[in-house]
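Let me begin by presenting the structure, written as C-alpha cells, before commenting on it.
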Amino acid sequence: MEYVIVDGEVLDRTVAKVDIEDRGYQFGDGVYEVIRIYNGKMFTGKEHLNRLVESAGKIRMKLPFSPEELESKMEELISKNELDTGIVYMQFTRGTSPRNHVFPAGDVAPTFVAYTRKVARPVESMEKGVRTILDEDIRWLRCDIKSLNLLGNLLSKQKAAEAGCFEAILHRGETVTEGSHSNISIVKDGVIITHQADNFILNGITRQKVLEICSNESIAFEERAFTLDELSSADEVFSSGTTVEVMPIVEVDGKPVGNGEPGPVTRNLQNLFKGEIERQCGNL
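Count along the sequence shown starting at 1, add 1117, and that's the number in the working numbering.
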C-alpha cells in the first residue's frame, strides 16, 4: 500500500481525491516544495519548509500548518512508505470554490497534498556530465515564488528532451537566468558566478547550500547576472538542484564546455556537497 496526505490526513493513495474545482487544478493557484530523502531522512528539510511558507505569503495565502508541523507530517509519511532514497512532494492550493479569477470570499481552507517517490541519485550523470540547450526564458516575472505555474519550464524542458539533452539553460535576451528545473552557475578563472537571488530566479535550496559551502571553504564566488558570452567562454558550467545535486554541464547547444569534461571546481563542490548530505543524513 502507498500512503499519501490529503488535507493533513494520511490515506491510501487509491482513495485520495481532490475536488475538480480546486484552484490548483483550475488556475495553478498554489505553491509546492520537493525535499530530497537520503537514508529515510530529509535533507535541508527546514530550509525547504521555510521557503514553502515564504512562497505562500508572496501569493497572499496562509498555510494551516507551521513548518514544524509539516516536518512532523512529512516524517510520518516517509516512515509509512518506508522510503530510503527519493523525494517527498507537497503542495498547497488556495482551496476549492466556484471558478472565479478573484480569490474566494470567506473562510476557504487551502488544499494540502503530499506524497513520496523513490528517486535514485543520478550518479552516472554526475560522473560524466550532461548536455544542455539554450532557450529564451518566457516565464513570468516572479520566478522567486515556487508556484504551481510551471508551463514555461515544461516547454523548455521538453525542448531539451527532444534534443536529447538533460536541461535547458534559460536566458532573457543576453542574460542567463537559470535552468528549466535547476539553477545554473559558471566557473571562470576559479571563481563561481551565479545569478543573484531576485525575482528572475528561484533561490534554490541546493544553490544556497553550495554558496554556504563556498563561504566555509574559502571558494571564490560572485552572485551576479552573467551573459551568454560569459557562458560560452566559461571554464566550467554546472547546475544545482534538489534531485540533481551538483551536476556538471559539459556541452551547451552542441559546443563543449572547456575541454568537454567535468572540471576541478565542480568536482570539488560535488565532494563537499556529498559530505554535507552525509553530515545530515548518514553515509551514501
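The C-beta atom is built at its ideal place from N, Cα and C for all residues, glycine as well. Keep in mind the model is a prediction, meaning the values are calculated, not measured.
Beta-carbon proximity check, residue i vs residue j, cutoff 8 Å
i, j, result
"Phe1209", "Val1247", "no"
"Ser1302", "Leu1287", "no"
"Val1236", "Thr1360", "yes"
"Ser1242", "Met1364", "yes"
"Leu1251", "Val1121", "no"
"Val1148", "Leu1271", "no"
"Ala1277", "Thr1249", "yes"
"Leu1258", "Ile1330", "no"
"Asn1338", "Ile1309", "A small fix is needed here, since residue 1338 is Phe in this sequence, not Asn. Contact: yes."
"Asp1346", "Gly1380", "no"
"Lys1263", "Arg1168", "yes"
"Arg1238", "Thr1202", "yes"
"Arg1211", "Asp1136", "no"
Straight-line gap, residue i to residue j (C-alpha atoms, nearest Å)
i, j, result
"Thr1213", "Ser1196", "29 Å"
"Leu1187", "Asp1224", "21 Å"
"Val1354", "Asp1261", "22 Å"
"Pro1373", "Glu1279", "19 Å"
"Glu1244", "Glu1150", "27 Å"
"Ile1394", "Ser1356", "17 Å"
"Arg1341", "Val1132", "48 Å"
"Asp1306", "Gln1325", "22 Å"
"Gly1281", "His1312", "26 Å"
"Ile1336", "Gln1387", "13 Å"
"Thr1233", "Glu1185", "19 Å"
"Asn1400", "Leu1180", "34 Å"
"Ala1173", "Pro1215", "21 Å"
"Ser1332", "His1165", "21 Å"
"Asp1129", "Val1230", "12 Å"
"Asn1376", "Tyr1155", "33 Å"
"Glu1253", "Arg1289", "6 Å"
"Glu1378", "Asn1385", "14 Å"
"Asn1300", "Lys1134", "33 Å"
Nearest-angstrom beta carbon gap, residue j and residue i [assumed within contact, 8 Å]
i, j, result
"Met1191", "Val1205", "5 Å"
"Gly1141", "Thr1228", "6 Å"
"Cys1398", "Lys1163", "With a Cβ gap of about 13 Å, Cys1398 and Lys1163 do not count as contacting."
"Leu1194", "Val1127", "7 Å"
"Leu1348", "Val1304", "At roughly 11 Å, the Cβ-Cβ gap does not stay under 8 Å, so Leu1348 and Val1304 are not in contact."
Classification of residue i by the beta-carbon crowding that lies within 10 angstroms, buried from 16 upward
i, result
"Gly1371", "exposed"
"Asp1139", "buried"
"Thr1161", "buried"
"Ala1222", "exposed"
"Glu1295", "buried"
"Ser1273", "buried"
"Asn1217", "exposed"
"Arg1153", "buried"
"Ala1316", "Checking the sequence shown, residue 1316 turns out to be Asn, not Ala. Exposed is the call here."
Entirely enclosed beta strand (DSSP E) segments - the region 1286-1343, minimum 3 residues
Qualifying beta strand (DSSP E) stretches, in chain order: 1292-1296, 1300-1305, 1308-1311 and 1338-1340.
Counting only runs of 3+ residues fully inside the region 1214-1295, write out the beta strand (DSSP E) ranges in chain order.
1228-1235, 1247-1253 and 1284-1289
May I have a chain-ordered list of the beta strand (DSSP E) segments no shorter than 3 residues that lie completely inside the region 1145-1188?
1147-1155
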